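Chemist:
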Amino acid sequence: MSRLCMQPNLVLNTQDIGLRLLASDLDGRKWRDTMANFASGVTIITSLDELGNAVGSTVSAFSSLSLDPMLLLVCLDNRSRTLGHIQRQENFAVNILSKDQKEMAFLCGSKSNDKFDCIEYVLGQYGLPLLKNTCVSIECELTAVHDGGDHKILVGKPLSLLQTDMQLPLIFHKGQFI
């Protein structure tokens, strides 16, 4: 018996552990509420528009994908203006926000056209906007785009990274930044 399994063959009634819903009972709101139980880091995905201006969107759907080769993934809403710029430029940067960057997360989550008028950034080694005071910024080459329902799944190959002093990350959980 595994040390983790103290009572083998214990069968719990699902009523003992919480609300049970079938997939057919779920709607968009219930699904969103369910997924809100998963805490995630917060990123701002940046790129450049056709005039060389910084563009970006707040994204919590970000993950390491592979170690060999090194790949990461980001999911952007199909309606995102940033998505179109990334697809044209074929590159993007992932900026992992620190706990003190909540206002920046709200701003880049908005539809505002002048998001970067008050956001400090530098251009990285590959010319992409890297936000100041983040935990980490990663410049990436766009290697693939996949359909994912109302989102696109972007696969990126890291080209460079900038890691600042070890700061605590901004976390998104149950619809709130913490």
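The sequence shown: position 67 = 67 (the UniProt record's numbering), numbered continuously. Don't be surprised by glycine CBs; every beta carbon is placed ideally from N, CA and C. As the structure is a computational prediction, the values presented were derived from the model and not from experiment.
#1: Going along the chain, which residues of its own chain have a beta-carbon closer than 8 angstroms to the beta-carbon of I171, five neighbours each way excluded?
#2: Which value, in whole angstroms, describes the spacing of the CA atoms of E141 and I45?
#3: In this structure, how does DSSP classify G28 when only helix, strand and coil are distinguished?
#4: Just checking, does the segment 72–80 make contact with the segment 114–130 on the three C-beta pairs under 8 angstroms criterion?
#5: Taking Cβ to Cβ, would you say T143 is nearer than 8 angstroms to K157?
#6: Considering only residues of the UniProt domain "Flavin reductase like" (35–178), which uninterrupted beta strand (DSSP E) runs meet the minimum length of 3 residues and lie entirely inside it, listed in chain order?
#7: Just checking: is the beta-carbon of V155 within a distance shorter than 8 angstroms of some beta-carbon in chain D?
#8: Given a cut-off of 8 angstroms on the beta-carbon distance, is the pair V136 and I96 in contact?
#9: Taking just the CA atoms, how far does R29 sit from L123?
#10: Alpha carbon to alpha carbon, how far is G127 from L162? Give it in angstroms, no decimals.
#11: Here's the rule I'm using: 16 or more other beta-carbon atoms within 10 Å means buried, otherwise exposed. How should M166 be labelled?
#12: For a quick check, are the C-beta atoms of K132 and N37 less than 8 angstroms apart?
#13: Going by C-alpha distance, which of R81, A23 and L26 is nearest E50?
Modeler: In short:
#1: As a position in the sequence shown, residue 171 is number 171, starting the count at 1. Excluding the 5 residues flanking it on each side, I171 has same chain C-beta neighbours closer than 8 angstroms at A39, S40, G41, V42, K99, F177 and I178, in chain order.
#2: Indexing the sequence shown from 1 puts residue 141 at position 141. Indexing the sequence shown from 1 puts residue 45 at position 45. C-alpha separation (whole angstroms): 13 angstroms.
#3: Walking along the sequence shown from the start, residue 28 turns up at place 28. Three-state DSSP puts G28 in a helix.
#4: no
#5: Along the sequence shown, one-based indexing puts residue 143 at 143. Along the sequence shown, one-based indexing puts residue 157 at 157. Against a cut-off of 8 angstroms, the Cβ pair of K157 and T143 comes out as a contact.
#6: 43–48, 54–59, 62–67, 70–77, 91–96, 121–123, 129–131, 136–148, 151–163 and 171–173
#7: Given the protein chain composition of this structure (a single chain), no chain D is represented.
#8: Along the sequence shown, read from residue 1 onward, the residue named residue 136 stands at position 136. Along the sequence shown, read from residue 1 onward, the residue named residue 96 stands at position 96. Their beta carbons are under 8 angstroms apart, which means V136 touches I96 by this criterion.
#9: By 1-based counting over the sequence shown, the position of residue 123 is 123. By 1-based counting over the sequence shown, the position of residue 29 is 29. Near 39 angstroms, if we compare the C-alpha coordinates of R29 and L123.
#10: As a position in the sequence shown, residue 162 is number 162, starting the count at 1. As a position in the sequence shown, residue 127 is number 127, starting the count at 1. The alpha-carbon atoms of L162 and G127 are separated by roughly 13 angstroms.
#11: Position 166 of the sequence shown holds residue 166. So M166 ends up on the exposed side.
#12: Taking the first residue of the sequence shown as position 1, residue 132 is located at position 132. Taking the first residue of the sequence shown as position 1, residue 37 is located at position 37. No.
#13: Position 50 of the sequence shown, counting from 1, holds the residue named residue 50. Of R81, A23 and L26, the residue nearest in Cα terms is R81.
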